[in-house]
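Okay, so here's the structure we're looking at.
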Amino acid sequence: DKGTYPYYMLKEIDEQPNVMRRLSAKYLSQDGQTVLDPNLLKAMANADRIYLVGAGTSYHAGLVGKMQLERLTGIPTEVRVASEFAYDEPLLSEHPFFIFLSQSGETADSRQVLVNVNQQHYPSLTITNVANSTLSREATFTLLLDAGPEISVASTKAYTAQIALEAILAKAVGEHLNRAVARQFNLKQQLALVAQGMQMIVDEKAQIEKVAQDAFVNAQQAFYIGRGIDYTVSIEAALKLKEISYVHAEGFASGELKHGTIALIEAGTPVIGIITASRTASLTRSNLAETEARGAKTFVIARAGLSEAGDTFVIPDVDELLTPLLSVLPAQLLAYYTSLNKGLNVDLPRNLAKSVTVE
Ligand code: F6R
């Protein structure tokens, strides 16, 4: 039931602070210890490589998971689009561990990879929002997102729940491997900060609605740019805009712009820079200025510690492995208001189904 909300998507965006709190309460004890199946941790700690597999938004959550897993566990991690992996399996390492990311647990492309993985007797984990879904039943282990039903076709709270749970998993495996970086990662406190930060952003909806109206409702195209973890959020942000507002949007690695894509910039083209990674913040700002010099209308989503006067959305500081949990929210809201103000059916975009059960 969407209650007083006009669309499920807005309700699901607003639920994200609570989803963070629930995950923290379920998988982290009061004193911050991870509460996960020791057999799962053992299986992952024995792997020489982790493969994250997903489609669409779940694939994008995997891109963040790779960074968290590599940093906290030290295990090399690859992320693959399910439909590409199913029939062109890469050369696997000797002891691979597979993680399937799927809100619905029913995505046929991901399931086909799991069928192959099971034929080869490799251990696997499904991270899903739906208990007893196909991908959950067929994998060795399951972790539930407990995000509550996601009805809107555009995925929002499942993406942030996946990223938070990947962080918890990465910390737990890293601790199992006795890594100081994992032990020192105060995830309990960080997730509390994330939940607070999310609440701040959703409370400032009106500001985002105005930007949607001023620059996106009549746009033919739009771009998100960023580097590293911010690049991964850029492509998720662009997907949201494409699928529900039908604005042709792309996310680019900001350093690649000058290698061709900057030719797309026209007078008034909206370009949003996502800036949460400290090492590359000034580079992304220069790249944004390059698009502005060619007529783009630029916007910035920046982390407080890296923000400058005039930035459009300032999000609170959290650990750099968790910034997507906050930087994606203005983008979700921007897609929502652009769709809404164009008079589209936000929850049921054309040509799309919530769960894609054909390959
Ligand atoms: C985007 C979206 C899709 C799904 C994709 C995978 O907003 O909803 O890209 O993320 O179809 O679905 P799941 O996660 O159910 O496997």
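Heads up: the sequence shown at position 54 corresponds to 300 in the UniProt record's numbering, and the numbers run straight through without jumps.
Every residue gets a Cβ at the ideal spot worked out from N, C-alpha and C, and that includes glycine.
Residues of the same chain with a CB within less than 8 angstroms of the CB of Gly541, apart from the 5 flanking positions on each side, are Ile511, Glu512, Ala513, Gly514, Thr515 in chain order. At a threshold of 7 angstroms, Gly497 does not count as near the ligand F6R, since its beta carbon sits no closer than that to any of the ligand's heavy atoms.
No heavy atom of the ligand F6R is found nearer than 7 angstroms to the CB of Ala410.
Looking from the CA of Gly474, the closest CA among Gln453, Gln276, Leu485, Glu502 belongs to Glu502.
The continuous beta strand (DSSP E) containing Val325 extends over residues 323-327. In this structure the segment 248-267 lies against the segment 396-411, because at least three pairs of beta carbons, one per stretch, are closer than 8 angstroms.
Look at Val564 here: in three-state DSSP terms it is coil, with no helix or strand label.
Secondary structure of Leu309 (DSSP, three-state): helix. Contact between Thr584 and Phe469 is absent: CB atoms are separated by about 14 angstroms, not below the 8 angstroms threshold.
Counting only the Cα atoms, Leu287 lies some 13 angstroms from Arg425. Distances from the CA of Ala301 to each of Pro576, Ala581, Phe344, Glu330 were compared; the closest alpha carbon is that of Glu330. If only uninterrupted alpha helix (DSSP H) runs of at least 4 residues are considered, those enclosed by the segment 384-459 are 403-422, 426-429, 433-449, 451-457. In this structure, Thr544 and Leu534 form a Cβ contact; the two beta carbons are roughly 5 angstroms apart against a cut-off of 8 angstroms. Here Lys543 is bridged, per DSSP, to Pro516.
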